[in-house]
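Visitor:
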Amino acid sequence: SMDSIVLDISALPPDRLKAGDLVELIGPSQTVDQAAGHAGTIGYEILTSLGHRFHRRYVTGAM
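Be aware that the sequence shown starts at 23, since it is given in my numbering, and climbs by one per residue.
1. Just confirm the distance between the C-beta atoms of I31 and L39, as a whole number of angstroms; I'd bet it's less than 8 angstroms.
2. Please report the Cβ distance between D55 and G62, rounded to the nearest whole angstrom; I am assuming they are in contact, meaning their Cβ atoms lie under 8 angstroms.
3. Taking DSSP as the reference, what is the three-state secondary structure of G73?
4. Using three-state DSSP, classify G83 as helix, strand or coil.
5. Just how far apart, CA to CA, sit V28 and A58?
6. Could you check the C-alpha separation between L72 and D25 for me, to the nearest Å?
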């Protein structure tokens, strides 16, 4: 199967993104819970739907 995602960027200025630009969906600028809120769901659903092909890095200790 193929993983794909579609992002609506129509509200962004025309020069904000171009083909080939990287987009951060989850990371320092946006938490899993924030992304889930935009999608109308919860963070757990976002994480469990990512699949096994994504690189995972586990961080231990206080955050």
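The beta-carbon is built from N, C-alpha and C at its ideal position, and this holds for glycine as well.
Guide: Looking at the atomic coordinates:
1. Residue numbering aside, residue 31 sits at position 9 when the sequence shown is read from its first letter. Residue numbering aside, residue 39 sits at position 17 when the sequence shown is read from its first letter. Correct: roughly 6 angstroms between the Cβ atoms.
2. If you number the sequence shown from 1, residue 55 lands on position 33. If you number the sequence shown from 1, residue 62 lands on position 40. Contact doesn't hold; Cβ gap of about 12 angstroms is too wide.
3. By 1-based counting over the sequence shown, the position of residue 73 is 51. G73: coil per DSSP, three-state reduction.
4. As a working note, residue 83 is residue 61 in the sequence shown. Here G83 sits in coil by DSSP.
5. Residue numbering aside, residue 28 sits at position 6 when the sequence shown is read from its first letter. Residue numbering aside, residue 58 sits at position 36 when the sequence shown is read from its first letter. Cα-Cα distance, rounded: 15 angstroms.
6. Position 50 of the sequence shown holds residue 72. Position 3 of the sequence shown holds residue 25. Straight-line Cα distance between these residues: approximately 9 angstroms.
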